[in-house]
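K.L.:
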Amino acid sequence: MTIWKSECPGKVKQFLWRLAHNSLPHRWRIERRGMEIDTLCPMCGRLNEDGAHLFLKCKFAKSLWREMQLNEERERLLACDGPKEMIYNILKLPEEKKLKCVMMLWAWWDVRNKEIAGEPSWNPSYVARRVNVLVEDWLRHGLNAQLGSQDKTECSVHLGQEVLQINVDGSMRENPSRGGWGFIIKDAKGQPVGAVAGHMQHISDPLQAEATTCLQGLYAAESWGMMRVQVQTDSLNLVQALNTRDLDLAANGVLFKEIRCFASLNFNQVVFSFCPRACNKVADALASFGAESDLIATVMWPDQAPEFVHGLVASDCAELFG
Ligand SMILES: [Zn+2]
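Here my numbering is used: position 72 in the sequence shown is 297, and no number is missing along the way.
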């Protein structure tokens, strides 16, 4: 397979690799691993969500292929024997068509994840427009398009070298299905680089809330170009679940594997470690804030952070040294 050599953004390559190796966490796959979940396609709600359905057969996916004027390609791909062969055939297409296909599959997976997270904000022609813009941008600017402005490139280089600390915390409300998550990212000197909070739904236990938060923290760190991170949590169970394989077959096993897989694919170094509650107050306060909020994710880089974040950052450090 030539996925890693193909000319497309890194994130898309990673997605393709996972698609080809059947390791995207779609619902049918999660169920096969012993977790009781609804296996219906989150887009159409009619048939089981496996890779072939989600990307090729779902009626909404079909309308996207048509919007992109790639329906002939879709029909040819339907005859493939499994995802590897499908990706292999896509990578053989002429450059622009190939880019359109891979960007579209990636965008579709993104839309599907947003749908599950409760952000149903799409229609096929909107997604098609977005994909076309991505493709044009990539063809025009190549790697620079991926990194954005010069500032962000510098930021990525800067953040890529040092070990950043991400403190994460998830919280569950009385209402068992609703909770909040929050994390703060600090540089080697302990200065906050960013803070994010959000709410989550359909949470069944505290460990799931902690693990979901950890994954959100890693997503953010990766999108900011960070390469070496230390994730700190006050949940000993989560540290054990991530540093061993002891809980891989338990209720949240799929989530633990997802975290380890994302960490190993996207970072040079990730360490999961425990910190006492007293040193995790900022993340805790952010998680409570997230649970109250109606937003899926609220990004609060230091200049927009509420007052309590600044106060608590100081006290988190004081606890450590005091
Ligand atoms: Zn469907």
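Ideal Cβ placement from N, Cα and C applies to all residues, glycine included.
All of these numbers come straight from a predicted model, not from anything done at the bench.
So, for E447: in the same chain, excluding its five sequence neighbours on each side, which residues have a beta-carbon less than 8 Å away from its beta-carbon?
P.N.:
For the purposes of this step, residue 447 is taken as residue 222 along the sequence shown, with counting starting at 1. Hits under 8 Å: F487, N491 and F492.
K.L.:
With distance defined between alpha-carbon atoms, name the residue in K506, G276 and P267 nearest to N392.
P.N.:
Translated into the one-based positions of the sequence shown, residue 392 becomes position 167. The shortest C-alpha separation from N392 is found at K506.
K.L.:
So, is S402 buried or exposed, given that buried needs 16 or more other C-beta atoms within 10 angstroms?
P.N.:
Along the sequence shown, read from residue 1 onward, the residue named residue 402 stands at position 177. Counting Cβ neighbours within 10 Å, S402 comes out exposed, since fewer than 16 surround it.
K.L.:
Give the residues whose C-beta lies closer than 5 Å to at least one heavy atom of ligand 1, in chain order.
P.N.:
Counting every residue whose Cβ lies closer than 5 Å to a heavy atom of ligand 1, we get C266, M268, C269 and C283.
K.L.:
So for A422, helix, strand or coil by DSSP?
P.N.:
Residue 422 sits at position 197 when you count from the first residue of the sequence shown. In this structure, A422 counts as strand in the three-state DSSP scheme.
K.L.:
Quick one: measure Cβ to Cβ for A353 and M293, integer angstroms, because I've assumed they're closer than 8 Å.
P.N.:
The residue given as residue 353 occupies position 128 in the sequence shown. The residue given as residue 293 occupies position 68 in the sequence shown. About 5 Å separates the two Cβ atoms, so the contact holds.
K.L.:
CA-CA distance, R301 and L359?
P.N.:
Position 76 of the sequence shown holds residue 301. Position 134 of the sequence shown holds residue 359. For R301 and L359, the distance between alpha carbons rounds to 24 Å.
K.L.:
In the DSSP assignment, the alpha helix (DSSP H) including L316 goes from what residue to what residue?
P.N.:
As a working note, residue 316 is residue 91 in the sequence shown. Start and end: P308 to L316.
K.L.:
May I ask you to report which of helix, strand or coil DSSP gives D509?
P.N.:
Numbered from its first residue, the sequence shown carries residue 509 at position 284. Correct three-state label for D509: helix.
K.L.:
Run the CB neighbour count on T469, radius 10 Å, all protein chains shown included, and call it buried at 16 or more, exposed below.
P.N.:
Walking along the sequence shown from the start, residue 469 turns up at place 244. The residue is exposed, with fewer than 16 neighbouring Cβ atoms inside 10 Å.
K.L.:
Put D347 into one of helix, strand or coil per three-state DSSP.
P.N.:
Within the sequence shown, the letter at position 122 stands for residue 347. What sits at residue 347 in the sequence shown is Trp, not Asp. Of the three classes helix, strand and coil, the one that applies to W347 here is coil, per DSSP.
K.L.:
Along the chain, where does the alpha helix (DSSP H) containing D412 start, and where does it finish?
P.N.:
By one-based count along the sequence shown, residue 412 stands at place 187. Neither: D412 is in no alpha helix (DSSP H) and is coded neither H nor E.
K.L.:
Going by the CB atoms, is the gap between C326 and L295 shorter than 8 Å?
P.N.:
Looking up residue 295 in the sequence shown gives position 70. Looking up residue 326 in the sequence shown gives position 101. It is a contact, given that the beta carbons lie within the stated cut-off.
K.L.:
For the alpha helix (DSSP H) containing S396, list its first residue and its last residue.
P.N.:
Counting from one through the sequence shown, the residue named residue 396 turns up at place 171. Counting along the chain, S396 falls outside any alpha helix (DSSP H), though it belongs to the beta strand (DSSP E) covering V388 to M397.
K.L.:
Taking all protein chains shown into account, do 16 or more other C-beta atoms lie within 10 angstroms of the C-beta of A512, making it buried, or fewer, making it exposed?
P.N.:
For the purposes of this step, residue 512 is taken as residue 287 along the sequence shown, with counting starting at 1. Buried is the call here.
K.L.:
Quick one: give me the first and last residue of the beta strand (DSSP E) that Q465 is part of.
P.N.:
For the purposes of this step, residue 465 is taken as residue 240 along the sequence shown, with counting starting at 1. That residue, Q465, is in no beta strand (DSSP E); its alpha helix (DSSP H) goes L461 to N468.
K.L.:
Work out the CA separation of E435 and G407 for me, nearest whole Å.
P.N.:
For this step, residue 407 is matched to residue 182 along the sequence shown. For this step, residue 435 is matched to residue 210 along the sequence shown. Between G407 and E435, the C-alpha separation is close to 10 Å.
K.L.:
Evaluate L461 with the Cβ neighbour count: other Cβ atoms within 10 Å of its Cβ, from every protein chain shown; 16 or more gives buried, anything less gives exposed.
P.N.:
Counted from its first residue, the sequence shown places residue 461 at position 236. Counting Cβ neighbours within 10 Å, L461 comes out exposed, since fewer than 16 surround it.
K.L.:
The beta strand (DSSP E) with T437 in it runs from where to where?
P.N.:
Residue numbering aside, residue 437 sits at position 212 when the sequence shown is read from its first letter. Taken as a continuous stretch (DSSP letters only), T437 belongs to no beta strand (DSSP E), being part of the alpha helix (DSSP H) at P431 to S448.
K.L.:
Run through the DSSP bridge pairs and tell me what T458 is partnered with.
P.N.:
Taking the first residue of the sequence shown as position 1, residue 458 is located at position 233. Answer by DSSP bridge pairing, in chain order: V393 and F499.
K.L.:
What first and last residue would you give for the alpha helix (DSSP H) that runs through K282?
P.N.:
Counting from 1 along the sequence shown, the entry for residue 282 is found at position 57. No alpha helix (DSSP H) contains K282, which DSSP labels as neither H nor E.
K.L.:
Under 8 Å Cβ to Cβ from S489, same chain only, skipping five residues before and after it: list those, please.
P.N.:
As a working note, residue 489 is residue 264 in the sequence shown. Excluding residues within five positions, the ones whose Cβ falls inside 8 Å are V495.
K.L.:
If I measure Cβ to Cβ from D376 and keep anything under 6 Å in the same chain, skipping five residues before and after, which residues do I get?
P.N.:
By one-based count along the sequence shown, residue 376 stands at place 151. Interpretation of D376 is limited by its pLDDT of 35, a score under 50 that renders its predicted location unreliable; no figure is taken from the coordinates.
K.L.:
Roughly how many angstroms lie between the CA atoms of Q390 and R291, to the nearest whole one?
P.N.:
In the sequence shown, residue 390 corresponds to position 165, counting from 1. In the sequence shown, residue 291 corresponds to position 66, counting from 1. About 45 Å.
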